[in-house]
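Q: Take any residue in the sequence shown, count from 1 to its spot, add 52: that is its number in the working numbering.
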Amino acid sequence: MLSSRTRILLAACAWAVLVRVAYFVAARLELVDVMSIWGSIWAVAPLGATVLFGGARVSNRWLALGLPLVTLLLTNLAIGLVMGNFEFYSFYRDQGLVVLGYVLMAALGATLPERASLERLATTAIAAELVFFLVTNFGFWAVTDTYPHNAGGLWTSYVMGLPFLVRGMLGMAFYGTVLFGAQALAERPLRLPATNA
Numbered sequence: 053m054l055s056s057r058t059r060i061l062l063a064a065c066a067w068a069v070l071v072r073v074a075y076f077v078a079a080r081l082e083l084v085d086v087m088s089i090w091g092s093i094w095a096v097a098p099l100g101a102t103v104l105f106g107g108a109r110v111s112n113r114w115l116a117l118g119l120p121l122v123t124l125l126l127t128n129l130a131i132g133l134v135m136g137n138f139e140f141y142s143f144y145r146d147q148g149l150v151v152l153g154y155v156l157m158a159a160l161g162a163t164l165p166e167r168a169s170l171e172r173l174a175t176t177a178i179a180a181e182l183v184f185f186l187v188t189n190f191g192f193w194a195v196t197d198t199y200p201h202n203a204g205g206l207w208t209s210y211v212m213g214l215p216f217l218v219r220g221m222l223g224m225a226f227y228g229t230v231l232f233g234a235q236a237l238a239e240r241p242l243r244l245p246a247t248n249a
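#1: Please determine if the stretch 154-164 and the stretch 115-135 are in contact, where contact requires at least 3 C-beta pairs separated by less than 8 Å.
#2: Go through its chain and collect everything with a Cβ distance to Val-73's Cβ below 8 Å, but skip five positions before and after it.
#3: Exposed or buried, Arg-172, counting other C-beta atoms within 10 Å across all chains shown (16 or more means buried)?
#4: When DSSP labels each residue in this structure, what does Tyr-210 get in the three-state scheme?
#5: Distance, Cα to Cα, Gly-205 vs Asp-197?
#6: If you run the structure through DSSP and keep just helix, strand and coil, what is Thr-198?
#7: For Phe-185, I'd like the list of residues in its chain whose CB is within less than 6 Å of its CB, leaving aside the five on either flank, ordered along the chain.
#8: Please state the DSSP three-state secondary structure of Leu-125.
#9: Between Ala-78 and Thr-102, which are expected to be in contact by the criterion C-beta below 8 Å, what is the C-beta distance as a whole number of angstroms?
#10: Check whether the Cβ of Val-84 sits closer than 6 Å to any heavy atom of the ligand FAD, and report yes or no.
#11: Give the straight-line distance between the Cα atoms of Val-183 and Gln-235, rounded to the nearest whole angstrom.
#12: I'd like to know whether the C-beta atoms of Pro-120 and Gly-136 end up nearer to each other than 7 Å.
#13: Helix, strand or coil for Tyr-227 per DSSP?
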């Protein structure tokens with residue numbers, strides 16, 4: 053039988069598939085503009101929080117990281133299919149650094165003690181999003197020709213990535229609260245009211 057933590061991770065991965073793919077279906081139907089900052093707010097996805105939760109609370113490290121990475125792969129394929137462009141949406145040039153960013157997020161999650169304080173959870177979540185932002189925006193700058201390959205181009209890559217950082221922080225705050233809260237509720241001892249006999 054699966055532990056409550058593994059069930060929470062599976063549910064979060066399923067939700068990530070739904071949220072990520074539904075957003076691009078809406079974009080394909082021209083209900084949202086996939087490239088606009090305001091449109092991208094609807095793409096606040098649970099994947100970062102899912103990776104952090106898996107790293108922190110699922111003892112099987114292969115499962116903890118493997119499920120979210122398979123989720124990323126499957127959703128990227130589905131998004132490429134929906135948008136009709138696998139090269140741009142599914143197999144982008146900096147994909148390896150996106151995976152590295154998620155591996156580092158899981159590693160940060162693994163540093164969380166079992167009874168981490170709310171402050172420690174929040175600090176680790178912020179650090180995880182910042183590491184992901186720094187790694188992926190560096191990767192985008194390094195492997196594409198979008199920005200000049202100099203300090204100014206790297207700076208521009210980070211500035212242009214700020215909406216994604218904000219979106220990641222929002223997703224981490226909301227879904228991190230849901231996932232770690234669900235775990236706390238699932239593992240809380242059941243207390244039955246005392247009966248007077």
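The beta carbon of each residue, even a glycine, is placed where N, CA and C say it ideally should be.
All values reported here derive from a predicted model rather than from experimental measurement.
A: Judging by the given coordinates:
#1: yes
#2: The count along the sequence shown starts at 1 and reaches residue 73 at position 21. Closer than 8 Å at Cβ, skipping near neighbours: Thr-127, Ala-130, Ile-131 and Val-134.
#3: To locate residue 172, count along the sequence shown from 1; it is residue 120. Label assigned to Arg-172: exposed.
#4: By 1-based counting over the sequence shown, the position of residue 210 is 158. DSSP places Tyr-210 in helix when its eight states are reduced to three.
#5: Position 153 of the sequence shown, counted from the start, is the residue given in the question as residue 205. Position 145 of the sequence shown, counted from the start, is the residue given in the question as residue 197. If you take the alpha carbons of Gly-205 and Asp-197, they lie about 10 Å apart.
#6: The count along the sequence shown starts at 1 and reaches residue 198 at position 146. Thr-198: coil per DSSP, three-state reduction.
#7: In the sequence shown, the residue the question calls residue 185 occupies position 133. The residues are Leu-217.
#8: For the purposes of this step, residue 125 is taken as residue 73 along the sequence shown, with counting starting at 1. Helix at Leu-125.
#9: Counting from 1 along the sequence shown, the entry for residue 78 is found at position 26. Counting from 1 along the sequence shown, the entry for residue 102 is found at position 50. The Cβ separation is near 21 Å, so there is no contact.
#10: This structure lacks the ligand FAD, and indeed carries no ligand of any kind.
#11: Along the sequence shown, one-based indexing puts residue 183 at 131. Along the sequence shown, one-based indexing puts residue 235 at 183. Between Val-183 and Gln-235, the C-alpha separation is close to 25 Å.
#12: By 1-based counting over the sequence shown, the position of residue 120 is 68. By 1-based counting over the sequence shown, the position of residue 136 is 84. Their beta carbons are not under 7 Å apart, which means Pro-120 does not touch Gly-136 by this criterion.
#13: Along the sequence shown, one-based indexing puts residue 227 at 175. Tyr-227 falls in the helix class under three-state DSSP.
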